[in-house]
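Structure below.
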C-alpha cells in the first residue's frame, strides 16, 4: 500500500482547480428542527484514488458522480465533506488558495455562525434573523460564481 504524504498546499491547488464550496439549503422537518443551510466542500475527478487521499485526511465520503447527459465521458468521482469537517478542511487550505479563497472564507464564516448559534445539534428554532444571515452567506457565495444578471436563484 502506498503512503501519500500530501501538504495543505497540494490540497489547495487541487481544490482551486477541481473543487467547490457550496451552501445548500435543506428542507426543514415537520417540527422545524433541522438547519435550513449547511456548508459542503466537494472535489470531482476521474481519479478515485486521489479523492480517497482527501477522504483519509479530512473525512467525508467518495461517491460515484453520475452524469446522464454525457454517456461517453470517463467515470467521475466526487469527494464530499460537510458542516464542521468542511470548515476544518477549508481552514487548512485557505492560506494557499488563489481562485477559491473568497468562497472558502464565506463558507468558513457561515459555519462559524452556525457554531456560534449553537452548532449542528442545537434543538432550538432558528430565528428569522439567523435564517436571513445564513441566506446572506449563500447569496454572497452565488454572487462570486455568477456574473450579475445571470443568477438562477430568486434572492
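Residue numbers (this note's numbering): 37 to 191.
Where a beta carbon is used, it is the ideal one built from N, C-alpha and C, also for glycine.
Once the 5 residues before and after residue 176 are set aside, which same chain residues still bring their CB inside 6 Å of it?
Around residue 176: 142.
Expressed to the nearest angstrom, what Euclidean distance is found between the alpha-carbon atoms of residue 131 and residue 80?
The alpha-carbon separation between residue 131 and residue 80 amounts to approximately 21 Å.
Residues near residue 54 in its chain [Cβ-Cβ closer than 7 Å; skip 5 each side]:
A distance below 7 Å between beta-carbons, with the five flanking residues on each side excluded, links residue 54 to the following residues of its chain, in chain order: 79, 80 and 81.
Entirely within the region 128 to 171 and at least 4 residues each: give me those alpha helix (DSSP H) ranges in chain order.
Whole alpha helix (DSSP H) segments, 4+ residues: 137 to 153.
Expected contact under 8 Å - CB spacing of residue 93 and residue 122 to nearest Å
That pair is no contact at about 13 Å.
Rounded separation between residue 137 and residue 182 - CA only:
Approximately 16 Å between the Cα atoms of the pair.
Simplified DSSP state of residue 189, which is helix, strand or coil
Confidence at residue 189 is low in this model, with a pLDDT of 46, below 50, so the placement of that residue should be treated as unreliable; the coordinate-derived value is given next. Here residue 189 sits in coil by DSSP.
Residue burial classification, residue 187 (beta-carbon count within 10 angstroms, cutoff 16)
Any reading at residue 187 is ruled out, since the residue's pLDDT is 44, under 50, leaving its predicted position unreliable.
Give me the Cα-Cα distance between residue 57 and residue 162, rounded to the nearest whole angstrom.
Looking at the backbone, the Cα of residue 57 and that of residue 162 are separated by about 23 Å.
Rounded C-alpha distance that separates residue 149 from residue 164:
In this model, residue 149 and residue 164 are separated by some 14 Å (Cα to Cα).
Residue 171: which of 101, 62, 97 and 115 sits nearest, CA to CA?
Taking only the C-alpha atoms, the option nearest residue 171 is 62.
Return the CA-CA distance between residue 51 and residue 45, expressed in angstroms with no decimal places.
Residue 51 and residue 45 have their C-alpha atoms spaced approximately 10 Å apart.
Going by beta-carbon coordinates alone, are residue 124 and residue 89 separated by less than 8 Å?
For residue 124 and residue 89, no; Cβs fall outside 8 Å.
I need the straight-line Cα distance from residue 100 to residue 168, nearest angstrom please.
Residue 100 and residue 168 have their C-alpha atoms some 34 Å from each other.
Pairwise C-alpha distance: residue 127 and residue 179:
Counting only the Cα atoms, residue 127 lies some 21 Å from residue 179.
Extent of the continuous alpha helix (DSSP H) to which residue 53 belongs:
Its alpha helix (DSSP H) spans residues 44 to 54.
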